[in-house]
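Chains as they are written, first to last, in our numbering: chain A, 17 to 430; chain B, 17 to 430.
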């Protein structure tokens with residue numbers, strides 16, 4: 017039999033066992049998994065070194081090598097992550113509502129595991145451990161398909177985790193790695209509807225779009241963030257400056273970083289010179305629309321292409337708008353529905369922005385950088401969904417569950 | 017520009033207006049839509065006659081002609097349906113939870129419309145009206161693509177509805193019909209990710225599978241139901257008989273009808289002759305596994321193919337199992353995750369069945385036929401989801417919404 021199919025079948029079988037486990041059993045396994053990571057850290061580092069050597073041979077960029085590379089500290093972080101997940105409360109089993117119908121049927125809606133989750137991701141080996149921990153905590157079996165660059169590290173990590181899972185008495189197939197790193201196997205995985213319930217791609221826009229386009233298994237789209245900060249005419253300009261600088265520069269490579277600044281025309285003359293100079297001080301390349309270029313010298317022109325682009329870099333494009341309505345239309349047109357912020361002291365405008373912006377997270381007077389499972393208080397994050405089905409915004413443990421209706425009758429027929 | 021794309025763009029624009037409407041505005045439009053249906057009933061019947069004549073020429077089956085055909089009463093039912101939707105409470109705007117973070121950020125999760133919903137369906141013209149009403153109530157724009165058999169009826173219905181929408185002052189493009197009935201346009205619609213947020217196919221298994229396989233737009237899979245009733249050894253056999261007969265024969269063509277009967281071996285000798293004779297009295301063809309055929313004469317053999325099949329007809333397959341565990345494994349293996357029932361008086365077994373069966377609706381001592389938006393008390397139904405993402409089981413108004421996070425800050429940066 018095809019290897020991926022048999023892997024899928026085993027995951028499905030494991031998932032039926034996993035859904036019946038108590039929280040205590042799952043938490044014990046998470047702790048064991050953490051212990052085994054630490055116990056086998058030398059082997060993991062040895063295997064990671066192979067990946068690094070191969071990557072260097074291929075002329076991989078420094079940033080990529082950094083993502084790929086592990087050290088003792090990073091393995092400790094992974095183990096700590098598992099222990100923290102063990103401390104989170106388990107969403108599985110919760111009855112979110114229950115009611116009685118006139119005919120006496122008692123209908124409850126109960127959180128249950130999704131079943132088998134497929135994760136398709138790129139170079140970072142820590143995703144292997146994080147995803148395994150979150151899926152196991154929520155009673156899901158997981159099939160991991162990491163990038164070829166990290167295959168040796170991933171194998172060593174899964175081997176360690178599996179030892180912990182086995183010792184805890186859980187099905188060993190709860191966490192499985194696809195060891196075949198060919199492109200064909202990814203394509204096949206995307207169509208494994210009989211065995212995989214949900215696919216979550218994690219990585220660059222190319223990977224995610226390829227999964228969205230080719231998968232027949234339901235997908236949760238994550239990631240792309242062309243985030244805006246709009247500074248309204250009635251606003252605290254000092255607060256606006258802090259928020260823009262934080263949203264743009266605190267970590268430009270992530271999806272909740274600001275990419276665009278919209279400024280109301282009434283305050284443009286006052287605010288733009290200040291903020292653009294501050295951005296330049298932080299080594300941000302500033303691009304502007306025509307009106308912005310008339311106010312501030314020495315900036316590049318923002319083209320039509322810029323408005324729709326996620327830079328993930330020290331670049332920002334600035335546009336002057338005539339009204340909050342223009343800002344809203346612009347954001348809904350060019351945004352990716354991730355995180356959008358207004359800085360304002362006008363009550364009506366704050367409500368309008370919250371109501372009319374079509375995005376996963378809409379902020380008044382705060383940085384877009386808070387769109388994150390930990391910052392939202394979920395204690396975990398498997399990714400940030402930018403689609404509208406199932407989950408929108410940061411996904412914690414709840415988002416790795418589905419529901420089923422449980423119905424108590426006493427002989428009702430229709 | 018391509019016609020479907022411009023239709024999609026207009027739907028998207030309409031959706032931004034729709035999401036800001038008050039419930040009162042939407043309800044007024046629903047009432048107007050109902051009025052216009054009644055006002056134009058003669059035209060709708062005239063156009064429906066064209067469809068019927070074409071269908072007869074093509075040699076369409078009687079059952080299909082019945083689905084296609086409208087009369088005054090059916091149009092009144094459609095109008096009543098819209099008025100009932102107007103009476104339901106509006107899920108849009110509800111803050112399902114709100115909390116404050118240590119840094120003072122106040123984070124709320126709010127129900128909002130999905131945006132643009134695409135419905136791909138077959139012959140029944142009433143779906144046109146039902147879907148339009150439910151989508152409008154939840155502030156979504158809808159693109160309807162009905163079957164070619166009903167194109168004239170659908171055009172007339174949408175024309176009437178649009179007149180009502182326009183008079184109520186809502187965007188006319190809130191409800192649009194794809195008038196091109198070619199297969200190519202469906203394929204194109206399935207990939208219109210920029211303009212359609214969610215696709216809901218409604219119809220036979222062929223249609224639904226084609227959408228699931230080909231769509232890049234997120235899909236909610238509806239419908240297929242290979243439902244089981246398992247009669248446990250400790251059970252009230254009279255209740256079991258009533259439930260089996262009801263689940264199988266009250267409406268065999270629908271997805272929540274029973275297709276399979278599993279019986280514990282301890283009661284097989286007593287129960288099977290009774291139930292099989294009762295089923296035959298209701299003109300049900302009974303197929304049985306080897307053990308069943310040893311107990312009851314004159315039944316056909318159930319093959320491996322039977323266990324996975326949804327008959328939607330007066331046919332049932334019967335299997336004897338040695339334990340509840342065997343029943344659970346069988347159901348999880350062959351079921352479609354729709355509705356599954358146990359008849360038992362054993363407490364532990366009732367809990368085991370509820371816990372271990374992986375389906376949208378799991379029943380103890382009640383007919384599977386209750387899996388329905390109205391029977392669950394939702395007041396409406398757009399379909400029954402058999403997937404695990406977003407919605408599972410009967411979908412009412414809530415399931416036509418998504419959420420967004422609204423965040424109130426006072427200058428927080430990270």
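Glycine residues also receive a C-beta, built at the ideal position from the N, C-alpha and C atoms.
| Query | Result |
| --- | --- |
| Chain A contacts made by the region 241 to 266 of chain B, where a contact means CB separation under 7 Å | 255, 258, 259, 262, 266 |
| Contact the region 345 to 354 of chain A vs the region 285 to 303 of chain A: 3+ CB pairs below 8 Å | no |
| Residues near residue 397 (chain B) by beta carbon distance below 8 Å, same chain, minus five either side | 388, 389, 390, 410, 411, 412 |
| Chain-ordered neighbours of residue 406 (chain B) on chain A, where CB pairs are closer than 7 Å | 405, 406 |
| Terminal residues of the beta strand (DSSP E) in which residue 403 (chain B) lies | Careful: residue 403 (chain B) lies outside any beta strand (DSSP E) and carries neither H nor E. |
| Bridge-paired residues (DSSP) for residue 336 (chain A) | A:279 |
| Cβ neighbour criterion (16 or more within 10 Å) applied to residue 199 (chain A) | exposed |
| is_contact[residue 424 (chain B), chain A] using C-beta, thresh 8 Å | yes |
| Under 8 Å between C-beta atoms of residue 401 (chain B) and residue 237 (chain B) | yes |
| Boundaries (first-last residue) of the beta strand (DSSP E) holding residue 427 (chain B) | 417 to 428 |
| Test item: CB-CB of residue 190 (chain A) and residue 263 (chain A) under 8 Å | no |
| Neighbourhood of residue 108 (chain A) by C-beta, 7 Å cutoff - its chain only, sequence neighbours within 5 removed | 127, 128, 129, 154, 155, 417 |
| Residue 78 (chain A) versus residue 68 (chain A): straight-line alpha-carbon distance, rounded | 11 Å |
| Every unbroken alpha helix (DSSP H) within the region 286 to 368 of chain B, with a cutoff of 4 residues, ordered by chain | 306 to 311, 320 to 323, 340 to 350 |
| Under 8 Å by beta carbon: chain A residues contacting residue 162 (chain B) | None at all; the shortest Cβ gap to chain A is about 23 Å. |
| Coarse secondary structure for residue 265 (chain B), derived from DSSP in three states | helix |
| CB contact below 8 Å: residue 234 (chain B) versus chain A | yes |
| Whole-number beta carbon distance between residue 223 (chain A) and residue 134 (chain A), since they are thought to touch under 8 Å | So it is not a contact: roughly 13 Å between Cβ atoms. |
| Local Cβ density within 10 Å of residue 53 (chain B), reported as buried at 16 or more and exposed below that | buried |
| Alpha carbon of residue 187 (chain B) to alpha carbon of residue 137 (chain B), nearest angstrom | 24 Å |
| Test: residue 421 (chain B) CB closer than 8 Å to a CB of chain A | yes |
| For residue 136 (chain B), three-class secondary structure by DSSP | strand |
| Every unbroken beta strand (DSSP E) within the region 233 to 266 of chain B, with a cutoff of 3 residues, ordered by chain | 243 to 247 |
| Counted within 10 angstroms of its Cβ, other Cβ atoms place residue 165 (chain B) as buried (16 or more) or exposed | buried |
| Spatial distance of residue 175 (chain A) from residue 392 (chain A) (CA atoms) | 33 Å |
| Opposing strand residues paired with residue 114 (chain B) [DSSP bridges] | B:124 |
| Nearest-angstrom Cα separation, counted from residue 359 (chain A) out to residue 380 (chain A) | 6 Å |
| Span of the beta strand (DSSP E) around residue 157 (chain A) | 157 to 161 |
| Identity of the residues DSSP links to residue 217 (chain B) by a beta bridge | B:136 |
| Counterpart residues of residue 45 (chain B) in DSSP-defined beta bridges | According to DSSP, which records beta bridges pairwise, residue 45 (chain B) is partnered with nothing at all. |
| Cα-Cα separation between residue 403 (chain A) and residue 240 (chain A), rounded to whole angstroms | 10 Å |
| Positions along the region 103 to 127 of chain B whose CB lies within less than 8 Å of some CB in chain A | 115, 117, 121, 123 |
| Segment limits, beta strand (DSSP E) that includes residue 381 (chain A) | 377 to 382 |
| Unbroken beta strand (DSSP E) run spanning residue 186 (chain B), endpoints | Segment: none, residue 186 (chain B) is in no beta strand (DSSP E) and carries neither H nor E. |
| Cβ of residue 276 (chain A) within 8 Å of any chain B Cβ | no |
| Residues that residue 394 (chain A) contacts on chain B, provided the C-beta gap is smaller than 8 Å | Here the premise fails: no neighbours, minimum Cβ distance about 10 Å. |
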